[in-house]
DNA sequence: ATTTGTTTGGCAACCGCTTGCCAAAAGTTG
DNA sequence: CAACTTTTGGCAAGCGGTTGCCAAACAAAT
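Residue numbers (our numbering), protein chains in the order written: chain A, 3 to 335; chain B, 3 to 335.
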């Protein structure tokens, strides 16, 4: 299957071009360092031999792997697709390779995987980490880390600005005449869950609405489904959920229970995941610019590679916005 | 941010354990090659120094990178999630790192990406490739390749057996009294599209039904939507689509046009993608064991690494099956 | 023409690990 | 106990690049 012609090395080029290997190296990596005509000669020889630099040989002396790791809790969670894509695009654009690792929602798996991968990457993006603050700080000690949707002291991060999306959403519900809201929360330990809840509360109160937190739910379809009873009990006319998955679970459970959406209950999710418009009615949701965030995370990491100091960096924050589809309507009189 | 204590090397261990570096190397990589007590001493020292082998240094002399690439056309296409996960799991289980690359549906991007990544991987899995047969063969010349859902002469592959799922589906429709079917096809060049169409045709004819191919559609929501008019024109009561995305697009367009699903039109998709149960009605679909296929692809690749000859290998074929949800019903009288 | 400065390209060490080869040590055998 | 085999661990040469240092070649300045 395979031919055994070993890949060309700079020595082959050197021989062909009649120069020293070091000259080849310089010609190819340090434009301007050597004479233009020599460089041309080298490049010509390289092309002729179909030369491709051996990344491992290069990584050894330099210590630069040109690879970054992106850790997510669950690859099959649609929230991450765009994050992954944004990161992948941004990385490959500058010649970096992205390796995606999955923690399977387990901090043990995450640690083990990181352990395994760490020596072969220049830095790590923690998309959704199960690690605690101390573990993250420790990791950041070894290789640069960029956190997504979370903040830890001394660690770089990129987080979205939930303010505009939430303000729009609450305003939207207020305009529709809703007075009593509920927030179906996600993981209590989640930074972004807290951020969303605080903003929601602030905005609701400002507009004279009541808001109840329905807490400790899995951020899944099941979690949304499981929260339905408590949503009913809360006697609210509109609910915002921690994410779309929960919103969809809730929506389906409500429909199954004979509660009409949006006539009896308005629902707004978070993230605008794939499939959130497949539902009946299609879900209104607060959109997160995940692809941009992914790209931003990569850029932030790249910057930290060249940074002189060790100051944590913060990516420019992308902004959320409300996407109105069919799951919100006037409050029942 | 970073501490500058360089990672421990086998030389550090050697010094600490009072042996030669080569002994350390052997102790750690060739159990049994050296004395058990010496090995224990070395391991102890390694642990003490928190040693972690430098994969680049290792890859240089051995040429083994312990990394494999998985190429998909579009990371955000939900069809691939499970494929990716299956591959990732299988790879990390045996200490391999998986790098995921996206061709963005472009053979140019695909070639360029492959070009960039090839030197740093041991082999490649082509999940959904835009490359033509010749390009694939050429690639296979350089590094072992495993194709998913496609066959090219002389190249290893793993493809699902569509037979049972399709037989079930056609039988199911026949049992419901349908006499006239349509297949909303995907990309004409797709191996799996052809396979599905042929099987569908064979089964339909065997059960005395007519079947029409509605061809040249994008395998997307839009493609499904765009095929609706032709489905109507075909005057069929049931349709099978190339994939779920198209089925969902078709379903929504049908509903929008006042054609009730499943009362007026039964629809069966392919793949059981994420969100295919979000629709109203939830989509009946022929499920592909994508996660298994992903794992199988990795295993096949690993086998080919150690194979003596250059014979292409074929992963054990996983089997499809029909998943009946709500989008199929009795044919209209 | 001499001094000084700048290009340019070669030399060789090094990055961390693997491995063929060899010799000392230990174990077997008759 | 000599002769032979096996075990064990050291030596050193790579793997394919990068890069500090140096000297030759050339250019500019006095």
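Glycine is no exception: its CB is placed at the ideal position from the N, C-alpha and C atoms. A quick note: this is a predicted structure, and the numbers were derived from the prediction, not measured.
Exercise for the section: Say whether the stretch 59–67 of chain B touches the stretch 34–47 of chain B, bearing in mind that this needs 3 or more beta-carbon pairs closer than 8 angstroms, one atom from each stretch. Expected result: Judged by Cβ distances under 8 angstroms, the stretch 59–67 of chain B makes no contact with the stretch 34–47 of chain B, as fewer than three pairs qualify.
Problem - Amino acids of chain A, ordered along the chain, whose beta-carbon sits closer than 8 angstroms to that of residue 87 of chain B - result: Numbered from 1 along the second chain, position 85 holds the residue referred to as residue 87 of chain B. Within 8 angstroms Cβ-Cβ: 77, 78, 104.
Exercise for the section: Taking residue 335 of chain B as the reference, give the member of B:250, B:49, B:179, B:128 with the closest Cα. Expected result: On the second chain, position 333 is the one that residue 335 of chain B refers to. Looking at B:250, B:49, B:179, B:128, the one whose alpha-carbon comes closest to that of residue 335 of chain B is B:179.
Practice task
Examine the ligand SAM and report whether any of its heavy atoms sits within less than 7 angstroms of the Cβ of residue 177 of chain B.
Solution key: Although the ligand SAM was asked about, the structure shown includes no ligands whatsoever.
Exercise for the section: Output the boundary residues of the alpha helix (DSSP H) element that contains residue 324 of chain B. Expected result: For the purposes of this step, residue 324 of chain B is taken as the residue at position 322 of the second chain. Premise fails: residue 324 of chain B lies in the beta strand (DSSP E), 323–325, not in any alpha helix (DSSP H).
Handout entry: residue 203 of chain A: first and last residue of the uninterrupted alpha helix (DSSP H) it sits in
Key = As a working note, residue 203 of chain A is residue 201 in the first chain. Segment 193–208, the alpha helix (DSSP H) holding residue 203 of chain A.
Practice task
Determine the extent of the alpha helix (DSSP H) in which residue 48 of chain B is found, giving its start and end residues.
Solution key: Position 46 of the second chain holds residue 48 of chain B. First-last of the alpha helix (DSSP H) with residue 48 of chain B: 38–50.
Handout entry: Proximal residues of chain A, C-beta to C-beta of residue 94 of chain B below 7 angstroms
Key = Your numbering for residue 94 of chain B matches position 92 in the second chain. Neighbours of residue 94 of chain B on chain A, chain order: 115.
Exercise for the section: Note down, in chain order, every chain A residue with its Cβ under 9 angstroms from the Cβ of residue 90 of chain B. Expected result: Reading the second chain from its first residue, position 88 is the one you call residue 90 of chain B. In chain order: 77, 102, 103, 104.
Handout entry: Within-8 angstroms CB hit, residue 287 of chain B to chain A
Key = Along the second chain, read from residue 1 onward, the residue named residue 287 of chain B stands at position 285. Contacts with chain A at 8 angstroms (Cβ-Cβ) do not include residue 287 of chain B.
Practice task
With distances taken Cα to Cα, identify the nearest neighbour of residue 248 of chain A among A:327, A:14, A:229.
Solution key: The residue labelled residue 248 of chain A in the question sits at position 246 within the first chain. Nearest C-alpha to residue 248 of chain A: A:229.
Problem - Buried or exposed (CB count within 10 angstroms, at least 16 for buried), residue 129 of chain B - result: Reading the second chain from its first residue, position 127 is the one you call residue 129 of chain B. Answer is buried; the Cβ neighbour count reaches 16.
Exercise for the section: Pair every Cβ in the stretch 290–297 of chain B with every Cβ in the stretch 158–169 of chain B, then say whether three or more of these pairs are closer than 8 angstroms. Expected result: Remark: three or more beta-carbon pairs, one from each stretch, lie closer than 8 angstroms, so the stretch 290–297 of chain B and the stretch 158–169 of chain B are flagged as touching.
Problem - Cβ of residue 84 of chain B within 8 angstroms of any chain A Cβ - result: Along the second chain, read from residue 1 onward, the residue named residue 84 of chain B stands at position 82. True, the Cβ-Cβ gap to chain A drops below 8 angstroms.
Exercise for the section: Answer with yes or no whether the minimum CB distance from residue 61 of chain B to chain A is below 8 angstroms. Expected result: On the second chain, position 59 is the one that residue 61 of chain B refers to. At least one CB of chain A lies nearer than 8 angstroms to the CB of residue 61 of chain B.
Handout entry: Which listed residue (A:97, A:194, A:169, A:277) has its alpha carbon closest to that of residue 250 of chain B
Key = In the second chain, residue 250 of chain B corresponds to position 248, counting from 1. Nearest C-alpha to residue 250 of chain B: A:277.
Exercise for the section: Leaving aside the five residues before and after residue 148 of chain A along the sequence, list all residues of the same chain whose C-beta is less than 6 angstroms from its C-beta, in chain order. Expected result: Here residue 148 of chain A corresponds to residue number 146 of the first chain, with the count starting at 1. Taking residue 148 of chain A as the centre and dropping the five residues before and after it, the same chain places the C-beta of 127, 158, 299, 302, 303 closer than 6 angstroms to its C-beta, in chain order.
Practice task
Could you pull the start and end residues of the beta strand (DSSP E) that residue 108 of chain B belongs to?
Solution key: Start at 1 with the first residue of the second chain, and residue 108 of chain B comes out as number 106. Neither: residue 108 of chain B is in no beta strand (DSSP E) and is coded neither H nor E.
Exercise for the section: Measure the Cβ-Cβ separation of residue 261 of chain B and residue 216 of chain B and say whether it is below 8 angstroms. Expected result: As a working mapping, residue 261 of chain B is identified with position 259 in the second chain. As a working mapping, residue 216 of chain B is identified with position 214 in the second chain. Cβ atoms of residue 261 of chain B and residue 216 of chain B: not closer than 8 angstroms.
Practice task
Report yes if the CB atom of residue 154 of chain B is closer than 8 angstroms to the CB atom of residue 138 of chain B, and no otherwise.
Solution key: Translated into positions along the second chain, residue 154 of chain B becomes position 152. Translated into positions along the second chain, residue 138 of chain B becomes position 136. When the beta-carbon positions are compared, residue 154 of chain B and residue 138 of chain B come within less than 8 angstroms of each other.
Exercise for the section: Specify the secondary structure class of residue 177 of chain A as computed by DSSP and reduced to three states. Expected result: Taking the first residue of the first chain as 1, we reach residue 177 of chain A at position 175. It is helical.
Problem - Where the alpha helix (DSSP H) containing residue 248 of chain B begins and where it ends - result: Sequence index remark: in the second chain, residue 248 of chain B carries index 246 (1-based). Here the alpha helix (DSSP H) through residue 248 of chain B covers 246–258.
Problem - Neighbouring residues, chain B, relative to residue 234 of chain A (Cβ below 7 angstroms) - result: Numbered from 1 along the first chain, position 232 holds the residue referred to as residue 234 of chain A. Simply none; closest approach about 22 angstroms.
Exercise for the section: For residue 13 of chain A, count neighbouring Cβ atoms within 10 angstroms of its own Cβ and tell me buried if that reaches 16, exposed if not. Expected result: Taking the first residue of the first chain as position 1, residue 13 of chain A is located at position 11. So residue 13 of chain A ends up on the exposed side.
Exercise for the section: Just mark residue 272 of chain B as buried or exposed, buried being the case when its beta carbon has 16 or more other beta carbons within 10 Å. Expected result: As a first step, residue 272 of chain B must be located in the second chain, where it is residue number 270. Counting Cβ neighbours within 10 Å, residue 272 of chain B comes out buried, since at least 16 surround it.
Exercise for the section: Put residue 71 of chain B into one of helix, strand or coil per three-state DSSP. Expected result: Here residue 71 of chain B is taken as the residue at index 69 of the second chain, counted from 1. Strand at residue 71 of chain B.
Handout entry: Boundaries (first-last residue) of the alpha helix (DSSP H) holding residue 26 of chain A
Key = For the purposes of this step, residue 26 of chain A is identified with residue 24 of the first chain, where counting begins at 1. Note, residue 26 of chain A: alpha helix (DSSP H), 23–31.
Exercise for the section: For the beta strand (DSSP E) holding residue 127 of chain B, just list the boundary residues, first then last. Expected result: Numbered from its first residue, the second chain carries residue 127 of chain B at position 125. Element bounds for residue 127 of chain B: 125–128.
Practice task
Name, going along the chain, the residues of the stretch 131–165 of chain A whose beta-carbon falls closer than 9 angstroms to a beta-carbon of chain B.
Solution key: From the stretch 131–165 of chain A, only 142, 143, 144, 145, 146, 147, 156, 157, 158 have a Cβ closer than 9 angstroms to chain B.
Practice task
With distances taken Cα to Cα, identify the nearest neighbour of residue 280 of chain A among A:328, A:125, A:311, A:320.
Solution key: Mapped onto the first chain, residue 280 of chain A falls at position 278. Nearest option by C-alpha distance: A:328.
Practice task
Within the same chain, show all residues whose beta-carbon is closer than 7 angstroms to that of residue 232 of chain B, passing over the 5 residues directly before and after it, in chain order.
Solution key: Residue mapping note: residue 232 of chain B aligns to position 230 of the second chain, counting from 1. 216.
Handout entry: Cut-off 7 angstroms between Cβ atoms - residues of its own chain near residue 119 of chain A, not counting five sequence neighbours on either side
Key = As a working mapping, residue 119 of chain A is identified with position 117 in the first chain. Closer than 7 angstroms at the Cβ level, and outside the excluded window around residue 119 of chain A, lie 71, 101, 103.
Problem - For residue 242 of chain A, three-class secondary structure by DSSP - result: Residue 242 of chain A sits at position 240 when you count from the first residue of the first chain. In the structure shown, residue 242 of chain A falls within a strand segment according to DSSP collapsed to helix, strand and coil.
Exercise for the section: For the alpha helix (DSSP H) holding residue 139 of chain A, just list the boundary residues, first then last. Expected result: Taking the first chain and counting its residues from 1, the one referred to as residue 139 of chain A is at position 137. Following the DSSP letters along the chain, one finds residue 139 of chain A inside the alpha helix (DSSP H) bounded by residues 135–144.
Problem - Residue of B:332, B:8, B:238, B:151 minimising C-alpha distance to residue 194 of chain B - result: Residue numbering aside, residue 194 of chain B sits at position 192 when the second chain is read from its first letter. Minimum Cα distance to residue 194 of chain B is reached at B:151.
Exercise for the section: Give a yes or no on contact between the stretch 106–114 of chain B and the stretch 75–95 of chain B, applying the rule of three or more CB pairs nearer than 8 angstroms. Expected result: The stretch 106–114 of chain B is in contact with the stretch 75–95 of chain B.
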